[in-house]
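Asks: One structure, pasted below without further comment.
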């Protein structure tokens with residue numbers, strides 16, 4: 005159990021650091037783009053593409069991070085009304101559904117799109133679009149891993165113990 009929690013902690017640290025670095029990069033590139041466009045009247049298409057793709061990477065990696073912390077938005081109208089074993093079963097079923105969705109859409113679909121677009125080049129940067137799309141299956145793998153961690157926590161009662169401490 006401690007091994008899973010230490011693995012989760014390492015993944016959380018890597019993801020949060022990656023999101024912070026990407027965000028700082030976006031701030032720098034965005035500032036550069038504003039200065040170049042308004043002061044020198046010379047818009048940069050490279051910075052526009054970099055911002056678009058880095059925003060996509062940050063959004064998908066941050067969503068995986070939020071899934072791992074179980075802080076994502078949810079509609080708790082059903083789950084909040086039940087307690088005990090029924091709630092635990094419902095939360096496990098939800099985690100399994102999330103895992104199936106991430107596995108089929110993000111991992112399988114993302115890998116398919118990634119492979120199909122490896123020959124396409126981006127307009128300004130000239131790199132294969134498949135490299136840009138690698139974040140989709142990567143985020144899917146992370147969400148599946150986090151779902152497994154969450155199911156183990158739910159089955160062991162770890163999640164319930166820590167939820168009571170938070171409240």
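Residue numbers (the working numbering): 5 to 171. Even glycine gets a Cβ: it sits at the ideal position worked out from N, Cα and C. Everything numeric in this text was worked out from a predicted model, so none of it was measured.
Can residue 148 and residue 64 be called in contact, C-beta distance under 8 Å?
Replies: Against a cut-off of 8 Å, the Cβ pair of residue 64 and residue 148 comes out as no contact.
Asks: With distances taken from CA atoms, which of 19, 133, 60 and 16 is nearest residue 30?
Replies: Here the closest residue by C-alpha is 60.
Asks: From residue 71 to residue 45, what does the alpha carbon distance come to, in whole angstroms?
Replies: Residue 71 and residue 45: Cα-Cα distance of roughly 42 Å.
Asks: Hey, how far is the Cα of residue 126 from the Cα of residue 138?
Replies: Each residue's alpha carbon lies about 14 Å from the other.
Asks: When you compare the CB positions of residue 144 and residue 106, do they come within less than 8 Å of one another, or not?
Replies: Cβ distance < 8 Å, so residue 144 and residue 106 count as in contact.
Asks: Inspect the CB distances between the region 47-56 and the region 116-135 and report whether three or more fall short of 8 Å.
Replies: At 8 Å Cβ cutoff, the stretches touch.
Asks: Does residue 141 come out as helix, strand or coil in the three-state DSSP assignment?
Replies: In this structure, residue 141 counts as helix in the three-state DSSP scheme.
Asks: CA-CA distance, residue 81 and residue 101?
Replies: Between residue 81 and residue 101, the C-alpha separation is close to 18 Å.
Asks: At which residues does the alpha helix (DSSP H) containing residue 41 begin and terminate?
Replies: Here the alpha helix (DSSP H) through residue 41 covers 6-43.
Asks: Whole angstroms is fine: what's the gap from residue 86's alpha carbon to residue 36's?
Replies: If I take the Cα positions, the gap works out to 52 Å.
Asks: Under a Cβ-count criterion, where at least 16 other Cβ atoms within 10 Å of its own Cβ denotes burial, should residue 157 be classed as buried or exposed?
Replies: The residue is buried, with at least 16 neighbouring Cβ atoms inside 10 Å.
Asks: Exposed or buried, which one is residue 153 when buried takes at least 16 other CB atoms within 10 Å?
Replies: The residue is buried, with at least 16 neighbouring Cβ atoms inside 10 Å.
Asks: Under the assumption that residue 150 contacts residue 68 (Cβ atoms under 8 Å), give the Cβ distance between them as a whole number of angstroms.
Replies: At roughly 7 Å, the Cβ-Cβ gap stays under 8 Å, so residue 150 and residue 68 are in contact.
Asks: What residue range is occupied by the uninterrupted alpha helix (DSSP H) comprising residue 50?
Replies: 49-73 is the extent of the alpha helix (DSSP H) around residue 50.
Asks: Please return the same chain residues whose Cβ sits closer than 6 Å to the Cβ of residue 146, not counting the five positions on each side in sequence.
Replies: These residues qualify, in order along the chain: 68.
Asks: Just checking residue 17 against the ligand HEM - is the residue's beta carbon closer than 7 Å to any of the ligand's heavy atoms?
Replies: What this structure holds is no ligand at all, so the ligand HEM is not there to describe.
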